[in-house]
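These protein sequence lines map, in sequence, to chains A and B.
When we follow this note's numbering, the leftmost residue of the first sequence carries the number -11, and every step to the right adds one.
When we follow this note's numbering, the leftmost residue of the second sequence carries the number 1478, and every step to the right adds one.
Ideal Cβ positions, reconstructed from N, Cα and C, are used throughout, including at glycine.
As the structure is a prediction and not an experimental result, all values here were calculated from the model.
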Amino acid sequence: MRYAMVIDTLKCVGCSDCVVACQTENSVPVGYCRDWVTESVSGTYPTLELELKSERCNHCDNAPCVRCCPTGASHIVKGGIVLVIGDECIGCGACIESCPYDARYQHPDGYVDKCTFCHHRLEKGQLPACVSVCPTKCMYFGDLDDPNSEVSKLLKRRKHKTLAPEAGTKPNVYYLI
Amino acid sequence: MKGIKDKYGAESMALLKHGSPGSHLEHLFKAYGSDTIAEPAYAQCRGPRETGFGLTFGAWVGSPEPTDIRDTKCLVLIGSHIGENMHNTQVQEMSDAIDNNATIITVDPRYSTAASKSKYWLPIKPSTDMALLLSWMHVLIYEDIYDKAYVEQYGFGFDELKEHVRSYTPEWAYGITTIKPEEIRKTARVMAAAAPSVIVHPGRHVVWYGDDSQRSRAIAILNGLLGAWGRRGGFYFKEKIKIPTYPHPPFPQPKWGWEELGEKYPFAEMGITNEIVQASIPKKDQKYPIKAWFIAGTNLLNTIPQHKIIEKAIDSVEFIVVVDTMPMEITGYADVVLPECTYLERYDGIRSATNREPSIALRMPAAEPRFESKPAWWIAKQLGERLGLHDYFNYKDFKEVIAWQLKQLGTSLEEMEKVGVKKFKRKSGPLFLKEGQPYEFATNSGKIEFYSTELEEKGFDPMPIYTPHNEPDQGFYRLNYGRSPMHTFSRTVNNPNLNDLMDENKLWVNSKVARIEDLKNNQEVWLENQDGIISSFPIKVRVTERIRWDSVYMYHGFGHSNKKLSRAHGKGASDTQLITKVTIDPLMGGTGMRGNFVKILTENPHKKEIVS
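Written out as structure tokens, the structure reads:
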């Protein structure tokens, strides 16, 4: 099993519902976030392009945050999900520095926090909170090891990219372009 | 309220309202004897499109819109920013349309989110949309690519329209709109190729330049030429369930009300807020004097332009009550504030939606109300009882009303609390016209009126014409505004989570403008409009290619002046404060608000001079 998220940038409108859903579901303190939306504009008026992207931890196969964690608090579980055990985290911040996606933050309670792909919801057979609320249905979640999953099919059919591939982290969040 | 009724008559007490709380108060008002009721959602928002489509197809667009966006081949947006305007069904269906490879054409001086999803973006010069619409008609007709069979069967006045648009060539429109003639032709052909599966979208907030009903007419006419009304991928015939009225005695007949107040505007079909405001300022020999306001769920200082007039009216009226969930600007002017709980803490009237299939939806509390806040139904009932109107509130709890109504509809409160939304089978016939099916439109002629007999009767242009609108002077920029997808109007800016996403608005300026005005990103500026009104608070600059050089843009709903809005107070600028000039739509009384121009001040104009 290899969990992946596929996000259709052609449909995303940048409303940030995903951000609020995550904050609510995961009790993320106001002022912090596990996911966020970026807007990039290129070109000169009136020849323009705009890309809106919902971003988060990429749950990398080759995760630098896990490699650099001195206590083993950052670890990879079944399905390739990268998690942090708050009680084992000493808050050294090495993982925050190592992440090319800037996906981790120091929780006010001292430990490092980030997206879990809503691991607790997956165990109940539910989708991650962000995916479940998206009004444009631009986010897809599933198993890349299953060739018949929606995510596998989308990546077969559609042009896509990952973020910072040059970092060699083998991310599992894909963007349809 | 008793005092006002005894002294002046119940008619002199006006209700200005929005949304669900508004309906509960409307019931109270009708029982009390006043029909002096209006909401900004009409004359400050979508009123003109209802007039324009009503005159053409004999039917309102209504809300939600009966646009078959999900199945369309071509969606045309005229300044409509679906995706930033988060009306949910519209956003969801636009996303479906993108999945289905629909062609989107967006006309907007700003590179909106919708524009970025569009195959064709026409970066039009602001205020010239009518010229583009007329030239599109010209191309469809003179290239012979309109839906001939449809127009012949259902249309009225096509020959007059053909003659009318003869001179409105794309070359003519180019000089006005800055859109190249080949782009105008190409996009008209794309629409025609997709027809009848095409939607020239009616838009929603359409009070722009004062000729808005006529511009909406032009949009309706285009849809008629393309054969889109009553066709798959165009507009479907909507249907809704009528919610039975909970028994109460007949309402008293007021001597006058919203209709009389709007009598100058022959096509007004709802109350005009700005007329109520005007009638609240005492004048000699006033036929319809307004002496008190009841305001429910609308922050007038952010929903109606021309603050000076509103403030004068506020000073004139004897009494103001405000029902709201938050301490907004308007609550600061109230004699009495009745705090309402939020929609998550109350029952409300059953929602009956016009969709492909009729449906009803239940709103029920997810949590107990906090502090002293109460549901609007409770507020209305308590007031009603104290006004001696018990018979109109013959229940202990509004739940009883809902339960009774649901039973009449063949369901129950128990069922609805489980399912939330229930769909019903259509009874009014198919969603779309069959080929050649006889159909009578509810217009004078029974047809789609390209030439409006009603407008002719009342002495207006029976077909839309192009009128040039004011342009900014040197050093001024047209003030455009719109919605942020994170917020609902100005109501949610103090919500901790939503405020965290966006706590202030920014002034979008083109990079050319930034160079001329020497502006940098995030620099604080103040805005002064053509009438010398200066924004109370600074707004940060956003230098972007997404806006034309002749206009600036900001999200609506910021720049709150009520200090009790702890997170939102003083953050960003209020567009409404800067809208002091309005152009009134002579058909239905809407306030055109896009004719305001601002200059950018880099020094704080509010700074008190220090005398040494």
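Between which two residues does the alpha helix (DSSP H) containing K1479 (chain B) stretch?
-> 1479 to 1485
Opening and closing residue of the beta strand (DSSP E) in which H63 (chain A) lies = 62 to 65
Could you check if T26 (chain A) is buried or exposed, using at least 16 other CB atoms within 10 Å of its CB as the buried criterion?
-> exposed
Out of curiosity, what's the CA-to-CA distance linking D49 (chain A) and K66 (chain A)?
-> 12 Å
Using a Cβ-Cβ cut-off of 8 Å (strictly less than) and excluding sequence neighbours within five positions of L36 (chain A), which residues of its own chain qualify?
-> V29, S30
Closer than 8 Å at the beta carbon, the chain A residues around E2022 (chain B) | V29, G31, T32, Y33, L36
Report the residue from A:D(-4), A:V121, A:H95 whose alpha carbon sits nearest the alpha carbon of D75 (chain A).
-> The residue from A:D(-4), A:V121, A:H95 with its alpha-carbon nearest to that of D75 (chain A) is A:H95.
Proximal residues, the region 125 to 136 of chain A versus chain B, C-beta separation under 8 Å = K125, C126
With DSSP run on the structure shown, which of helix, strand or coil describes E37 (chain A)?
-> strand
Within 10 angstroms of its Cβ, does R55 (chain A) collect 16 or more other Cβ (buried), or is it exposed?
-> exposed
Counting pairs of Cβ atoms below 8 Å between the region 1680 to 1697 of chain B and the region 2058 to 2065 of chain B, do you hit three or more?
-> yes
Which residues share a DSSP beta bridge with H2046 (chain B)?
-> B:H2037
So, does the CB of V(-6) (chain A) fall closer than 8 Å to a CB anywhere in chain B?
-> no
Check the C-beta distance from H1682 (chain B) over to C1522 (chain B) and give it rounded, since I have them as a contact under 8 Å.
-> 5 Å
Could you tell me whether the region 1795 to 1806 of chain B touches the region 1824 to 1840 of chain B, where touching means 3 or more Cβ pairs closer than 8 Å?
-> no
Between the Cα of T(-3) (chain A) and the Cα atoms of A:G156, A:C10, A:E39, which residue gives the shortest distance?
-> A:E39
Compute the Euclidean distance between the alpha carbons of W2026 (chain B) and V2020 (chain B), then round it to the nearest angstrom.
-> 11 Å
For a contact meaning CB atoms closer than 7 Å, what does D1977 (chain B) contact in chain A?
-> V18, G19
Does the beta carbon of Q1630 (chain B) come closer than 8 Å to any beta carbon on chain A?
-> Not one chain A Cβ lies under 8 Å of Q1630 (chain B).
Helix or strand or just coil, what does DSSP make of M127 (chain A)?
-> strand
Can you find a C-beta in chain B that's less than 8 Å from the C-beta of K41 (chain A)?
-> no
Chain A contacts made by the region 2012 to 2037 of chain B, where a contact means CB separation under 8 Å | Those residues of the region 2012 to 2037 of chain B that come within reach of chain A (Cβ to Cβ, closer than 8 Å) are T2021, E2022, R2023, I2024, R2025, W2026.
Counting only runs of 4+ residues fully inside the region 1929 to 1978 of chain B, write out the alpha helix (DSSP H) ranges in chain order.
-> 1930 to 1934, 1973 to 1978
Just the Cα atoms here: how many angstroms apart are K2058 (chain B) and D1585 (chain B)?
-> 22 Å
Starting from P123 (chain A), find everything on chain B with Cβ-Cβ shorter than 8 Å and list it in chain order.
-> M1563, N1565, V1568, Q1569, S1572
With D23 (chain A) and R44 (chain A) assumed to form a contact (beta carbons below 8 Å), what rounded beta-carbon distance in angstroms separates them?
-> Going by Cβ atoms, the distance from D23 (chain A) to R44 (chain A) rounds to 4 Å, so yes, they are a contact pair.
Can you tell me whether L1821 (chain B) is buried or exposed, with buried defined as 16 or more other CB within 10 angstroms of its CB?
-> Of the residues assessed, L1821 (chain B) falls on the exposed side of the cut-off, its CB having fewer than 16 other CB atoms within 10 angstroms.
Residues in the region 1670 to 1687 of chain B having any Cβ partner in chain A nearer than 9 Å | none
May I have the straight-line CA-CA distance separating K1902 (chain B) from I1837 (chain B), to the nearest angstrom?
-> 12 Å
Does the region 1938 to 1958 of chain B come close enough to the region 2041 to 2051 of chain B that 3 or more CB-CB pairs lie under 8 Å?
-> no
Have a look at W1854 (chain B) and L1908 (chain B) and give me their C-alpha separation to the nearest angstrom.
-> 35 Å
Would you mind stating whether E1425 (chain B) and M1940 (chain B) have Cβ atoms separated by less than 8 Å?
-> The first residue shown for chain B is 1478 and the last is 2089, placing residue 1425 (chain B) beyond what the model contains.
If we count the other Cβ atoms within 10 Å of its Cβ and call it buried at 16 or more, is G1652 (chain B) buried or exposed?
-> exposed
Integer Cβ distance of F1953 (chain B) from K2076 (chain B), believed to fall under 8 Å | 5 Å
How would you call K1441 (chain B), buried or exposed, if buried means at least 16 neighbouring beta carbons within 10 angstroms?
-> The first residue shown for chain B is 1478 and the last is 2089, placing residue 1441 (chain B) beyond what the model contains.
Rounded separation between F155 (chain A) and T32 (chain A) - CA only | At residue 155 (chain A) the sequence reads Ala, which differs from the Phe that was named. Answer to the nearest angstrom: the Cα atoms are 30 Å apart.
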